[in-house]
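> Submitted below is the structure of interest, expressed as structure tokens.
Structure representation (structure tokens):
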């Protein structure tokens with residue numbers, strides 16, 4: 306998850322040989338941003354005339370598969386940070402999609418009374434809290450290591466950390482207001498990830514127009 310010329314995550318005596326493939330980070334970030342935006346818009350309460358499940362297909366195809374593949378290409382680039390981040394969050398989105406299909410939908414369909422539906426909904430909300438707590442723990446150390454990449458990548462992990470913390474608190478408390486606030490922060494996370502993706506695309510081209518990503522906070 307870095308520009309090719311900024312790959313300083315693994316200090317070594319000699320730089321790794323060029324792999325001959327393009328930097329996959331812009332693709333991974335774009336997939337992450339789009340799927341995060343769709344889910345966050347639902348959490349923020351913006352999808353009043355939609356199913357709120359617009360993110361589901363893209364959790365498999367874009368945020369999931371495309372981002373996971375970006376992680377695999379980062380393995381090829383010997384970028385430990387990039388491959389760990391993209392493969393993990395690609396798997397996160399696919400796992401979340403499977404959870405909706407295999408757990409949420411069957412349980413809600415089996416709830417035959419309003420009381421049963423309410424109890425099931427509360428249990429599912431707590432499920433989401435545990436999922437988000439798990440990935441907030443992972444994201445914490447990735448946030449620390451992102452300080453060695455650049456300011457744009459650090460911004461992605463910082464806003465994502467805030468999103469995950471707010472959302473797991475809101476889901477454990479079953480507080481719709483907190484979840485809605487987490488949705489707004491998630492939209493900001495998506496915007497930062499889209500900007501970083503665009504900046505890395507510009508830096509991977511030969512054109513004169515390039516967006517800044519900032520320097521590493523810790524070098």
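In this note's numbering, the protein residues as written are 306 to 524. Don't be surprised by glycine CBs; every beta carbon is placed ideally from N, CA and C. As the structure is a computational prediction, the values presented were derived from the model and not from experiment.
(1) CB-CB under 7 angstroms to residue 433, same chain, minus the five flanking residues each way: which ones, in chain order?
(2) State buried or exposed for residue 518, treating a residue as buried only when at least 16 other CB atoms are found within 10 Å of its CB.
(3) Would the beta-carbon of residue 468 fall within 8 angstroms of that of residue 398?
(4) May I have the straight-line CA-CA distance separating residue 359 from residue 412, to the nearest angstrom?
(5) State whether the stretch 323 to 333 contacts the stretch 374 to 381, with contact taken as three or more CB pairs (one from each stretch) at a distance under 8 angstroms.
(6) Check each candidate in 326, 460, 342 and 383 and name the one with the smallest Cα separation from residue 488.
(7) Rounded C-beta distance between residue 426 and residue 402? I'm assuming under 8 angstroms.
(8) Using only CA atoms, which one of 520, 511 and 463 lies nearest to residue 490?
(9) Closest by CA to residue 440, which one among 392, 419 and 405?
(10) In angstroms with no decimal places, state the Cα-to-Cα distance between residue 387 and residue 493.
(11) In the DSSP assignment, find the unbroken alpha helix (DSSP H) run with residue 415 in it and report its ends.
(12) Which word fits residue 514, buried or exposed, when buried means at least 16 other C-beta atoms lie within 10 angstroms of its C-beta?
(13) In its own chain, which residues sit with a C-beta less than 7 angstroms from the C-beta of residue 483, not counting the 5 before and 5 after it?
(14) In its own chain, which residues sit with a C-beta less than 8 angstroms from the C-beta of residue 317, not counting the 5 before and 5 after it?
(15) Decide if residue 406 is buried, meaning its Cβ has at least 16 other Cβ atoms within 10 Å, or exposed.
(16) By how many angstroms is the C-alpha of residue 422 removed from the C-alpha of residue 522?
In short:
(1) By one-based count along the chain shown, residue 433 stands at place 128. Contacts found: 476.
(2) The residue labelled residue 518 in the question sits at position 213 within the chain shown. Burial call: buried.
(3) As a first step, residue 468 must be located in the chain shown, where it is residue number 163. As a first step, residue 398 must be located in the chain shown, where it is residue number 93. Cβ atoms of residue 468 and residue 398: not closer than 8 angstroms.
(4) Start at 1 with the first residue of the chain shown, and residue 359 comes out as number 54. Start at 1 with the first residue of the chain shown, and residue 412 comes out as number 107. Cα-Cα distance, rounded: 20 angstroms.
(5) yes
(6) Against the chain shown, residue 488 aligns to sequence position 183. Per the Cα distances, 342.
(7) For this step, residue 426 is matched to residue 121 along the chain shown. For this step, residue 402 is matched to residue 97 along the chain shown. The Cβ separation is near 19 angstroms, so there is no contact.
(8) As a position in the chain shown, residue 490 is number 185, starting the count at 1. Ranking the options by Cα distance to residue 490, first place goes to 463.
(9) Taking the first residue of the chain shown as position 1, residue 440 is located at position 135. The candidate whose alpha carbon is nearest that of residue 440 is 392.
(10) Locating residue 387 in the chain shown gives position 82, where the first residue counts as 1. Locating residue 493 in the chain shown gives position 188, where the first residue counts as 1. Taking the straight line joining both Cα atoms gives about 21 angstroms.
(11) Counting from one through the chain shown, the residue named residue 415 turns up at place 110. Start and end: 410 to 415.
(12) Start at 1 with the first residue of the chain shown, and residue 514 comes out as number 209. When all chains shown are included, residue 514 counts as exposed.
(13) Your numbering for residue 483 matches position 178 in the chain shown. Cβ within range, chain order: 471, 474 and 475.
(14) Taking the first residue of the chain shown as 1, we reach residue 317 at position 12. Any reading at residue 317 must be qualified, since the residue scores a pLDDT of 38, below 50, and its modelled position is unreliable; no value is offered.
(15) Here residue 406 refers to the residue found at position 101 of the chain shown. The residue in question, residue 406, is exposed, as its Cβ has fewer than 16 Cβ neighbours within 10 Å.
(16) Here residue 522 corresponds to residue number 217 of the chain shown, with the count starting at 1. Here residue 422 corresponds to residue number 117 of the chain shown, with the count starting at 1. Answer to the nearest angstrom: the Cα atoms are 48 angstroms apart.
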